[in-house]
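Protein chains in written order, with our numbering: chain X, 101 to 211; chain C, 370 to 482.
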């Protein structure tokens with residue numbers, strides 16, 4: 101069964117600090133991996149999407165990495181801001197339309 | 370910008386009521402999806418549709434049905450709402466193929482009392 105595991109489940113960081121979120125998956129055959137940001141009470145918004153051949157992709161202060169060999173991805177947030185407080189969801193697509201979702205990591209940024 | 374619009378942000382319904390959740394997208398996407406999201410469980414696929422009048426069951430279709438009479442509109446129907454269907458419901462749409470252009474709506478928080 102295709103699975104996506106995210107860690108940690110939640111974390112608290114001080115404004116201005118960096119943090120890294122992890123995503124491990126077993127989805128096969130792999131097509132692409134996405135990171136979404138979901139604010140409380142809102143729908144997920146895409147941050148990055150990476151295919152098999154991409155190792156790194158950035159979107160402002162968000163940088164995602166992908167190691168397709170070990171089936172691991174990370175999302176790094178640089179110089180966190182209060183507006184980064186949200187849930188971050190890792191989504192992996194197999195070579196069909198179906199997506200497998202992680203349960204998400206809740207990030208709280210404190211002043 | 371691609372827009373996926375869900376008709377209601379918040380809904381409160383009584384047990385046994387028939388509930389309609391509406392979703393409209395404006396980018397001529399072939400695929401449309403309904404998910405529910407519960408704490409600790411992530412998003413789970415209820416139903417999806419890859420064309421008008423076409424539908425397929427996702428991972429948790431029990432207690433739900435769908436309707437896609439027009440390409441831009443995908444409706445989720447709770448035939449007889451139950452308290453365990455209290456959840457956040459998210460609609461999404463995408464281009465045909467590998468799911469590029471995948472876009473979510475803002476969600477509907479449904480409470481069944």
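Even glycine gets a Cβ: it sits at the ideal position worked out from N, Cα and C.
Taking 8 Å as the CB threshold, residue 445(C) stays off the interface with chain X.
When CB distances to chain C are screened at a threshold of 7 Å, not a single residue of the stretch 148 to 163 of chain X falls below it. A Cβ of chain X is located within less than 8 Å of the beta carbon of residue 411(C). Residue 155(X) sits in coil when the DSSP states are folded into three classes, being neither helix nor strand. Within the model, the alpha-carbon separation for residue 377(C) versus residue 457(C) is close to 11 Å.
Residue environment for residue 117(X): exposed (fewer than 16 other C-beta atoms within 10 angstroms of its C-beta). For residue 454(C), the secondary structure class from DSSP, reduced to helix, strand or coil, is helix. Around the beta-carbon of residue 385(C), fewer than 16 other beta-carbon atoms lie within 10 Å, marking it exposed. DSSP, reduced to helix, strand and coil, places residue 121(X) within a strand of the structure shown.
Counting only residues of its own chain and dropping the five nearest sequence neighbours on each side, residue 161(X) has a CB closer than 7 Å to the CB of 177, 178, 179. Of the candidates 411(C), 432(C), 401(C), the residue whose Cα lies closest to the Cα of residue 420(C) is 401(C).
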